[in-house]
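Numbering (full-length UniProt numbering), first residue to last: 1 to 493.
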Amino acid sequence: MFHLYELLMFFLRHPRDEYDEEFLGPIFMHFYDKNYYRKDLIIKNRRGEKLKCSFFTPFNYNENTPCVIYTHSASSCQLEVLDILHILLLCECSIFSYDCSGCGLSDGYYSTKGWNESQDLYLILNHLHNVEKIKNFVLWGKYSGAVTSIIAAALYGNIKLLILDSPYVSLIELYKTTFHLNAKKKGEIFFKNVCLYLVRKQIKKKFHYDINNVCPIFFIEDITIPTIYIISKNDKIVHPVHSLYFAYKQQKAYKIFFISESSTQTYENFSYENKLTIAIKTILYGYSINSIEFKKVFDVYAYWKLFYSLKDKYENEFDFIDKLITKKLNQKNKIIKNVKKFILFKYESKSSLNSSTQSTMDSIREFNTNKEYSHDKLFAENKCENYNIDQYKHSGNISECLFSDIDIMTVDHNVTTNTFKDKLLNNLHNFNQTYGNIEEQQKESELLHMQSARSSLKSKKNTYKKSLTWDSKLQSSITYFKEDCPFQLLKND
1 MFHLYELLMF FLRHPRDEYD EEFLGPIFMH FYDKNYYRKD LIIKNRRGEK LKCSFFTPFN
61 YNENTPCVIY THSASSCQLE VLDILHILLL CECSIFSYDC SGCGLSDGYY STKGWNESQD
121 LYLILNHLHN VEKIKNFVLW GKYSGAVTSI IAAALYGNIK LLILDSPYVS LIELYKTTFH
181 LNAKKKGEIF FKNVCLYLVR KQIKKKFHYD INNVCPIFFI EDITIPTIYI ISKNDKIVHP
241 VHSLYFAYKQ QKAYKIFFIS ESSTQTYENF SYENKLTIAI KTILYGYSIN SIEFKKVFDV
301 YAYWKLFYSL KDKYENEFDF IDKLITKKLN QKNKIIKNVK KFILFKYESK SSLNSSTQST
361 MDSIREFNTN KEYSHDKLFA ENKCENYNID QYKHSGNISE CLFSDIDIMT VDHNVTTNTF
421 KDKLLNNLHN FNQTYGNIEE QQKESELLHM QSARSSLKSK KNTYKKSLTW DSKLQSSITY
481 FKEDCPFQLL KND
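As structure tokens, this is what we get:
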């Protein structure tokens with residue numbers, strides 16, 4: 001019975017990584033002579049759950065700016081993106097991160113390790129394309145986030161680059177490779193297979209999804225975009241042979257491997273001038289496949305040399321996974337059909353797709369602007385949707401189609417943005433006077449640096465919120481000043 005409970009927790013419920021919003025770092029950042037800001041969003045998925053999202057964008061952001069969507073692992077939260085933020089900001093792109101359902105600050109009790117998450121990621125892609133008018137996307141995921149990115153990339157056509165950090169070929173095969181390879185007796189393998197059958201049946205009955213359908217290896221074959229695989233030699237969660245088998249099955253794409261010796265800090269060896277940054281820039285900024293720059297990054301000879309050396313090293317594990325997937329090939333069409341039916345179908349929901357955006361000024365560290373300006377005419381008149389998250393609790397009359405009714409989403413977004421800009425510009429003079437008086441009464445703010453999320457989360461649960469560990473790579477480059485205010489930017493425009 002204990003093993004059955006352990007299996008249920010393996011597939012459904014990991015400890016939730018809750019965090020304070022201040023852990024996401026400053027709203028306004030200055031990085032290598034460029035200004036960036038973070039916009040916090042709440043997006044409702046098809047199951048009515050609120051997903052906590054963050055959108056890091058440069059001030060000169062436009063529809064041609066590439067967007068990297070980062071999906072974290074099942075046992076983590078969106079703070080993972082802070083470990084790679086300096087790499088992506090160096091590539092001059094926008095970054096979108098979110099807490100998956102059942103993780104972090106998002107709603108939901110359990111995580112499905114790629115099933116519900118794939119539907120949510122596809123929804124986010126459509127939201128960013130239709131509302132934010134973004135044209136080019138990069139998907140980056142770790143563990144179950146990498147599985148989600150693979151499925152979404154196979155179904156969504158406008159992806160330029162795929163970055164996969166330790167994906168697994170299938171959820172059931174992940175269990176089998178984790179437990180069967182360590183089994184000492186055949187009786188132990190038989191017992192665990194029986195437990196797996198019972199747990200799969202129980203999950204299908206109570207949670208209405210089949211863990212057998214989480215099988216991204218059947219989707220990787222159709223992906224032709226350049227792909228970067230990041231693996232850790234000492235990874236105890238997902239064996240490196242899973243990434244190797246993905247690369248083996250993905251025959252039509254340019255691929256590259258990045259190997260880390262550590263399993264906890266995958267990106268600790270990456271410097272500002274590393275090959276990963278060069279590879280991302282090469283794809284995002286229009287180098288053709290036949291260009292010299294592209295061939296240097298995606299060197300075919302170097303890739304196959306590394307591939308065969310890894311295959312020889314993990315020969316037994318590779319053959320074991322190959323046998324498992326070969327037995328499952330007769331279910332391939334059925335699995336793909338079930339996944340497409342779950343993700344791509346359209347229906348109407350009473351909840352609005354348009355994200356309800358928190359006020360950026362509410363997230364400034366030293367004071368709460370809603371308290372300071374609660375009686376100001378500017379905020380009294382501006383009751384726009386983007387600054388009120390709680391209104392969705394009482395909205396029952398709005399009916400919007402999540403994908404097909406794009407006009408409603410676009411109009412709502414534009415009206416909100418125009419209202420926001422007009423009212424701020426009309427009251428800019430009064431606001432600057434009030435803001436200046438507050439600054440004179442307060443001391444000069446201390447510089448805040450972006451913290452390393454993973455190192456903080458690895459410390460003790462009852463103390464990590466009090467003692468932050470700042471990322472040394474960002475300490476000298478990303479800073480936050482009080483004078484970094486969006487109203488000054490609007491005034492200059």
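Beta carbons: idealized from backbone N, C-alpha and C, even for Gly.
In the DSSP assignment, what residue or residues form a beta bridge with residue i?
| i | result |
| --- | --- |
| TRP115 | BP columns for TRP115 are empty, so no partner. |
| VAL68 | ILE95, VAL138 |
| LEU85 | For LEU85, which the question treats as bridged, DSSP gives no partner whatsoever. |
| TYR36 | MET29, PRO58 |
| LEU244 | Looking at the DSSP assignment, LEU244 forms no beta bridge with any residue, so it has no partner. |
| CYS53 | LEU41, TYR98 |
| LEU162 | LEU139, THR227 |
| PHE257 | TYR229 |
Could you tell me the distance, in whole angstroms, from the CA atom of residue i to the CA atom of residue j?
| i | j | result |
| --- | --- | --- |
| LYS236 | THR178 | 9 angstroms |
| VAL194 | LYS160 | 42 angstroms |
| ASN130 | CYS100 | 21 angstroms |
| THR224 | LYS252 | 5 angstroms |
| LYS209 | ILE27 | Per the sequence shown, residue 209 should be read as Tyr rather than Lys. Looking at the two C-alpha atoms, the distance is approximately 38 angstroms. |
| TYR175 | VAL238 | 10 angstroms |
| LYS44 | ARG38 | 19 angstroms |
| residue 503 | GLU92 | Lying outside 1 to 493, the shown extent of the chain, residue 503 is not represented and no answer is given. |
| LYS204 | HIS242 | 25 angstroms |
| ASP17 | SER76 | 6 angstroms |
| PHE23 | THR326 | 45 angstroms |
| SER73 | LEU171 | 13 angstroms |
| ILE336 | TRP304 | 29 angstroms |
| ILE321 | ILE280 | 30 angstroms |
| TYR109 | LEU198 | 21 angstroms |
| LYS249 | ASP222 | 10 angstroms |
| SER106 | GLU49 | 7 angstroms |
| PHE307 | TYR245 | 10 angstroms |
| PHE31 | PHE219 | 37 angstroms |
| GLN202 | ILE211 | 11 angstroms |
| SER359 | ASP40 | For SER359, the predicted model reports a pLDDT of 29, less than 50, meaning its position is unreliable and no value from the coordinates is stated. |
| VAL81 | ASN126 | 21 angstroms |
| TYR168 | LYS295 | 28 angstroms |
| SER97 | ILE69 | 6 angstroms |
| TYR61 | LEU88 | 14 angstroms |
| TYR122 | ILE343 | 7 angstroms |
| LYS298 | LYS328 | Residue 298 is actually Phe in this sequence, not Lys. Taking the straight line from one Cα to the other gives about 32 angstroms. |
| TYR19 | ALA153 | 29 angstroms |
| ILE292 | LYS313 | 32 angstroms |
| PHE55 | GLU188 | 47 angstroms |
| ASN290 | TYR229 | 22 angstroms |
| LYS341 | LEU155 | 11 angstroms |
| GLN78 | LEU162 | 18 angstroms |
| MET29 | LEU128 | 22 angstroms |
| ILE231 | GLU317 | 15 angstroms |
| SER288 | ILE124 | 28 angstroms |
| VAL300 | TYR254 | 8 angstroms |
| LEU324 | LEU85 | 37 angstroms |
| LEU284 | LEU310 | 29 angstroms |
Mind checking residue i: buried by the 16 CB within 10 Å criterion, or exposed?
| i | result |
| --- | --- |
| PHE345 | exposed |
| ARG140 | This sequence places Trp at residue 140; Arg is not what is there. Classification for TRP140: buried. |
| GLY25 | buried |
| ALA302 | exposed |
| PRO226 | buried |
| ILE95 | buried |
| VAL339 | buried |
| GLU117 | buried |
| GLU315 | exposed |
| residue 501 | Nothing about residue 501 can be read from this structure; the chain reaches only from 1 to 493. |
| ARG47 | exposed |
| SER149 | buried |
| TYR36 | buried |
| PHE191 | exposed |
| ASP319 | exposed |
| GLY286 | exposed |
| GLU21 | exposed |
I think residue i touches residue j, with their Cβ atoms under 8 angstroms apart; what is that distance to the nearest whole Å?
| i | j | result |
| --- | --- | --- |
| SER144 | GLY114 | 5 angstroms |
| ILE259 | LYS233 | 6 angstroms |
| LEU51 | ASP120 | 6 angstroms |
| THR282 | LEU90 | Incorrect: roughly 13 angstroms between the Cβ atoms, too far for contact. |
| LYS34 | PRO15 | About 37 angstroms separates the two Cβ atoms, so there is no contact after all. |
| SER111 | LYS142 | SER111 to LYS142, Cβ: 14 angstroms. No contact. |
At least 3 beta-carbon pairs within less than 8 angstroms: the segment 123-139 vs the segment 56-73:
yes
Three or more beta-carbon pairs under 8 angstroms between the segment 203-217 and the segment 330-343, yes or no?
yes
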